[in-house]
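To start, the structure under review is shown below, and the notes come after it.
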Amino acid sequence: MKIQMVDLTRQYHELKKEIDGAVTAVLESGQFILGQEVKSLEKDLAEYVGAKHAISCANGTDALQISLMALGVGPGDEVITTPFTFVSTAEVAALLGAKVVFADIMEHSFNIDPKEVRKKISRHTKAIVPVHLYGLPADMDELLEISSSAGIPIVEDAAQAFGAEYHGRKVCSIGKVGCVSFFPSKNLGAYGDAGMVFTDDDSLAEKIRAIAVHGSRRKYYHEYVGLNSRLDTLQAAILRVKSRHLDRYNQLRAGFAKAYTERLRDVVLTPEVPSDRKHIFHQYTIRTEGRDKLLEFLKSAGIPSAIYYPVPLHLQEAYGNLNYKQGDFPIAERLSTEVLSLPMHPHLKEEEVESIASRIREFYGRK
Ligand SMILES: Cc1ncc(COP(=O)(O)O)c(C=O)c1O
Numbered sequence: 000m001k002i003q004m005v006d007l008t009r010q011y012h013e014l015k016k017e018i019d020g021a022v023t024a025v026l027e028s029g030q031f032i033l034g035q036e037v038k039s040l041e042k043d044l045a046e047y048v049g050a051k052h053a054i055s056c057a058n059g060t061d062a063l064q065i066s067l068m069a070l071g072v073g074p075g076d077e078v079i080t081t082p083f084t085f086v087s088t089a090e091v092a093a094l095l096g097a098k099v100v101f102a103d104i105m106e107h108s109f110n111i112d113p114k115e116v117r118k119k120i121s122r123h124t125k126a127i128v129p130v131h132l133y134g135l136p137a138d139m140d141e142l143l144e145i146s147s148s149a150g151i152p153i154v155e156d157a158a159q160a161f162g163a164e165y166h167g168r169k170v171c172s173i174g175k176v177g178c179v180s181f182f183p184s185k186n187l188g189a190y191g192d193a194g195m196v197f198t199d200d201d202s203l204a205e206k207i208r209a210i211a212v213h214g215s216r217r218k219y220y221h222e223y224v225g226l227n228s229r230l231d232t233l234q235a236a237i238l239r240v241k242s243r244h245l246d247r248y249n250q251l252r253a254g255f256a257k258a259y260t261e262r263l264r265d266v267v268l269t270p271e272v273p274s275d276r277k278h279i280f281h282q283y284t285i286r287t288e289g290r291d292k293l294l295e296f297l298k299s300a301g302i303p304s305a306i307y308y309p310v311p312l313h314l315q316e317a318y319g320n321l322n323y324k325q326g327d328f329p330i331a332e333r334l335s336t337e338v339l340s341l342p343m344h345p346h347l348k349e350e351e352v353e354s355i356a357s358r359i360r361e362f363y364g365r366k
């Protein structure tokens with residue numbers, strides 16, 4: 000069978016009985032938006048993360064936007080984030096009329112550099128949004144220190160890191176607010192779009208919940224300008240099934256990551272995992288100077304691989320009005336030419352990892 004970056008069909012076949020049962024129960028219930036399944040999912044995941052509140056929404060982008068809205072981000076404000084992320088992280092701040100301020104990343108972790116964040120704090124800074132890229136938590140202690148000394152909240156973009164841990168705490172429970180995406184290919188993925196916001200703050204949680212449903216706490220009474228960002232009941236039921244397998248799946252990913260690293264560390268730069276955090280390997284991303292040639296070689300051997308991300312956000316056309324230029328974030332810029340993510344999902348087979356690794360070794364002329 001052809002190797003895939005992410006194989007959701009194999010996963011469905013493994014969980015078919017549970018998933019089909021959960022889906023049928025929702026179809027029989029006649030309840031398709033929010034409802035008991037959504038409440039139960041929120042309760043389960045709040046417990047899993049160790050946060051007081053979990054508020055579901057339609058996708059991870061909305062989770063970020065709603066969080067920034069609840070924190071009052073708007074025109075005249077600045078939001079500090081990394082240029083080396085999926086576009087949503089910056090997009091939501093821009094949509095709210097805030098200025099996106101980028102801070103460069105660290106080479107070994109791909110994550111935002113707290114020292115660079117500190118330099119970017121101004122009296123207009125309204126939020127700091129670190130991204131736990133590829134499933135590895137950012138340096139939260141240093142960021143929390145900046146956050147508390149400057150009085151600026153942290154919104155964790157944990158879209159790629161659900162289940163990851165930093166100093167024994169799950170991501171999404173560390174900043175003021177934590178946001179996650181349940182896009183199908185994520186470690187915990189729905190069969191469509193879904194997202195969630197976590198916080199310990201009671202009044203913020205209420206506001207987030209209201210903003211996600213047209214800014215309303217009581218039907219047809221609108222306190223805030225909000226969004227239509229409700230979670231489908233079907234997605235909640237599917238996520239509840241899959242969430243029971245998440246830790247096992249994350250462990251399988253870590254095992255495949257270890258196998259890749261053992262076979263590849265002498266030919267390419269393999270991901271580093273600091274001992275104070277748990278990486279959940281949403282992506283297994285290597286670094287190499289001959290990246291594009293390696294990608295083509297693998298492609299011709301029928302092995303998929305992907306570049307996350309080929310152009311850092313400060314150099315994207317849509318963010319041209321921010322007036323950043325080539326050279327502003329040298330680490331993000333260099334890594335965007337070096338990174339290559341290999342197939343990674345819990346339904347890989349050991350022999351597939353071995354055959355991918357052998358091909359890469361072959362590319363470098365090594366046995
Ligand atoms: C880092 C990051 N932030 C935000 C998002 C947005 O999530 P969604 O696709 O569910 O809107 C993603 C997902 O792709 C992501 O990878």
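In numbering that gives the first Met the number 0, the protein residues as written are 0 to 366. Even glycine gets a Cβ: it sits at the ideal position worked out from N, Cα and C.
Burial state of residue i (16 or more Cβ within 10 Å)
i: Glu155; result: buried
i: Phe181; result: buried
i: Tyr318; result: buried
i: Val369; result: Any property of residue 369 remains undetermined from this structure, which presents the chain solely from 0 to 366.
i: Ala24; result: exposed
i: Pro273; result: exposed
i: Ser172; result: buried
i: Phe31; result: exposed
i: Asp192; result: buried
i: Leu339; result: buried
i: Pro345; result: buried
i: Glu36; result: buried
i: Leu44; result: buried
i: Ser66; result: buried
i: Val444; result: Nothing about residue 444 can be read from this structure; the chain reaches only from 0 to 366.
i: His313; result: buried
i: Lys51; result: exposed
i: Gln325; result: exposed
i: Ser87; result: buried
i: Leu26; result: exposed
Cβ distance (whole Å) where residue i is taken to contact residue j below 8 Å
i: Thr198; j: Val179; result: Actually they do not touch by this definition, with Cβ atoms about 12 Å apart.
i: Met105; j: Ile330; result: 7 Å
i: Glu335; j: Pro311; result: It is Ser, not Glu, that sits at residue 335 in the sequence shown. About 5 Å; that satisfies the 8 Å criterion.
i: Ile111; j: Pro129; result: 5 Å
i: Gly134; j: Gln282; result: 7 Å
Simplified DSSP state of residue i, which is helix, strand or coil
i: Thr124; result: strand
i: Leu339; result: strand
i: Glu115; result: helix
i: Met195; result: strand
i: Lys277; result: strand
i: Ala305; result: strand
i: Glu20; result: Reading the sequence as shown, one finds Gly at residue 20 and not Glu. If DSSP states are grouped into helix, strand and coil, Gly20 belongs with the helices.
i: Asn380; result: Any property of residue 380 remains undetermined from this structure, which presents the chain solely from 0 to 366.
i: Leu314; result: helix
i: Asp231; result: strand
i: Ile79; result: strand
i: Leu135; result: coil
i: Glu164; result: strand
i: Leu33; result: coil
i: Ser172; result: coil
i: Glu155; result: strand
i: Ser108; result: coil
i: Tyr220; result: strand
i: Arg262; result: helix
i: Ile2; result: coil
beta-carbon residue i near ligand 1 non-hydrogen atom, thresh 8 Å
i: Gln159; result: yes
i: Leu63; result: yes
i: Gly59; result: yes
i: Ala300; result: no
i: Ala137; result: no
i: Ala126; result: no
i: Gly194; result: yes
i: Lys241; result: no
i: Ser87; result: yes
i: Leu44; result: no
i: Phe31; result: no
i: Asp231; result: no
i: Thr84; result: yes
i: Ser228; result: no
i: Val154; result: no
i: Ser215; result: no
i: Leu203; result: no
i: Ser180; result: yes
i: Val130; result: yes
Residue-level contact to chain B via CB, residue i, 9 Å cutoff
i: Ala93; result: Looking for chain B here will not work: only one protein chain is present.
How about the stretch 181–190 and the stretch 89–101: do they share at least three Cβ pairs that are nearer than 8 Å?
-> In short, these stretches do not touch, since the Cβ pair count stays below three.
Do three or more CB pairs link the stretch 275–285 to the stretch 248–261 at distances below 8 Å?
-> yes
For the stretch 259–269 and the stretch 144–161, state whether three or more C-beta atom pairs, one from each stretch, are separated by less than 8 Å.
-> no
Are at least three pairs of beta-carbons, each pair with one atom in the stretch 292–309 and one in the stretch 69–80, less than 8 Å apart?
-> no
For the stretch 157–171 and the stretch 118–125, state whether three or more C-beta atom pairs, one from each stretch, are separated by less than 8 Å.
-> no
Take every Cβ of the stretch 253–262, pair it with every Cβ of the stretch 228–243, and state whether three or more of those distances are shorter than 8 Å.
-> no
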